[in-house]
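Taking it in order: structure first as structure tokens, then the write-up.
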Amino acid sequence: MPTSSKPEDSQRWLGGLNFFLADVRDGLGPFLGVFLMGLGWRADDIGYVLGAAGFAGMLVTTPLGAWVDASRRKRGLLAGGTIALIVSNLALWAAPSGIVVTTTQVVTAVVGALFGPALMGLTLGLVGPKDLPRQLGLNEAWNHAGNVAAAALAGFASYRWGLPAVFVLMTLMATASLLCLSKIQPQHIDHNVARGLDADSAQAVKGSDRIPSHGRLPRSHAACACWP
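Our numbering applies: residue 34 is where the sequence shown begins, and numbers increase by one.
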């Protein structure tokens with residue numbers, strides 16, 4: 034079967050990708066606490082695990098953003114992250130020991146830090162800067178729709194079949210996101226544009242080199258770092 038020849042054909046799958054990744058990127062979300070408390074975990078121990086995961090995600094956000102920016106395999110990064118989430122969720126379901134729970138939540142946080150810049154770079158590389166605002170609006174619309182759908186389905190599934198059904202649902206949604214990702218053709222992604230460069234630019238510019246020219250950006254980052 035021939036691959037699509039128009040960039041618009043790949044752009045259409047961005048909506049489905051954002052829809053199915055909406056809740057997957059956060060793992061079990063609020064169901065994690067319920068799941069662990071049902072296994073006898075104390076609330077403070079759950080808090081320690083979530084705190085460690087959040088700290089790990091914060092530490093890797095900048096290096097992962099730089100990695101995505103330099104990479105010409107953004108589809109591969111998204112696919113690898115999604116597969117890591119599937120494995121983590123299934124491992125958490127099968128063997129919820131302390132080390133497994135901690136490891137899977139750190140993996141989830143790290144992958145979540147990867148997904149943001151990877152999705153942004155993929156979107157920019159597909160639609161270009163001119164159509165980026167419109168496409169970001171569509172991405173967010175699909176993202177919120179995915180959150181609502183996932184929450185409703187997870188609530189119904191857990192009520193009807195118990196919490197294990199939520200693991201199955203997350204796995205199915207992650208698999209669906211991989212299908213959407215496979216429909217985005219790599220030849221339609223302009224990797225120079227995805228980095229914020231002109232389409233015909235051969236010289237890469239580090240984002241860190243541009244920070245001093247944006248006076249408000251360092252102050253904004255400092256304020257975010259001080260937020261409790």
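Ideal Cβ placement from N, Cα and C applies to all residues, glycine included.
The structure displayed is predicted, hence computed values, not measured ones.
Between the alpha carbons of residue i and residue j, how many angstroms are there, rounded?
i: Ser-37; j: Trp-74; result: At Ser-37 the pLDDT is 46, less than 50, meaning the model places this residue with poor confidence; the figure from the coordinates comes in the next sentence. If you take the alpha carbons of Ser-37 and Trp-74, they lie about 50 Å apart.
i: Ala-76; j: Asp-56; result: 23 Å
i: Val-139; j: Val-226; result: 31 Å
i: Leu-54; j: Gly-179; result: 8 Å
i: Gly-328; j: Ser-215; result: Nothing can be reported for residue 328, as the shown portion of the chain is limited to 34 through 261.
i: Ala-185; j: Gly-158; result: 33 Å
i: Gly-161; j: Ala-182; result: 29 Å
i: Leu-165; j: Ile-217; result: 17 Å
i: Pro-63; j: Ala-99; result: 30 Å
i: Cys-259; j: Arg-252; result: 11 Å
i: Arg-45; j: Asp-78; result: 43 Å
i: His-221; j: Lys-163; result: 16 Å
i: Met-91; j: Pro-129; result: 24 Å
i: Gly-80; j: Ser-43; result: 41 Å
i: Leu-169; j: Tyr-192; result: 34 Å
Report the residue from the options whose alpha carbon sits nearest the alpha carbon of residue i.
i: Ala-209; options: Val-139, Gly-48, Leu-196, Gly-98; result: Gly-48
i: Gly-113; options: Leu-72, Lys-39, Thr-94, Leu-211; result: Leu-211
i: Ala-89; options: Ala-256, Leu-159, Ala-142, Ala-207; result: Ala-142
i: Leu-111; options: Ala-207, His-177, Asp-223; result: Ala-207
i: Arg-105; options: Ala-151, Gly-87, Arg-193; result: Ala-151
i: Gly-109; options: Gly-66, Thr-95, Gly-154, Ala-127; result: Gly-154
i: Asp-223; options: Ala-85, Leu-50, Lys-107, Gly-98; result: Lys-107
i: Leu-50; options: Gly-71, Thr-115, Gly-87; result: Thr-115
i: Asp-86; options: Gly-60, Ala-103, Val-67; result: Position check: residue 86 holds Ala in this sequence, whereas Asp was assumed. Taking only the C-alpha atoms, the option nearest Ala-86 is Gly-60.
i: Trp-126; options: Leu-72, Val-93, Gly-84; result: Leu-72
Grouping DSSP H, G and I as helix and E and B as strand, with all else coil, what is residue i?
i: Gly-80; result: helix
i: Lys-216; result: coil
i: Ala-183; result: helix
i: Gly-66; result: helix
i: Ala-128; result: coil
i: Ser-121; result: helix
i: Trp-74; result: coil
i: Gly-60; result: coil
i: Gly-195; result: coil
i: Ile-116; result: helix
i: Ser-210; result: helix
i: Ser-37; result: The pLDDT assigned to Ser-37 is 46, lower than 50, so where the model puts this residue is not dependable; a value taken from the coordinates is nonetheless given after this. Residue state, collapsed to three classes: coil.
i: Asp-223; result: coil
i: Arg-167; result: helix
i: Arg-106; result: coil
With a cut-off of 8 Å, does the C-beta of residue i fall near any C-beta of chain D?
i: Lys-216; result: Given the protein chain composition of this structure (a single chain), no chain D is represented.
Review point. Do the stretch 112 to 131 and the stretch 171 to 180 touch if we need at least three Cβ pairs shorter than 8 Å?
Key: Verdict: no, contact absent.
Point to revise | the stretch 189 to 209 in contact with the stretch 128 to 143 per 3-pair CB rule at 8 Å | key: No: the two stretches stay apart, fewer than three of their Cβ pairs being nearer than 8 Å.
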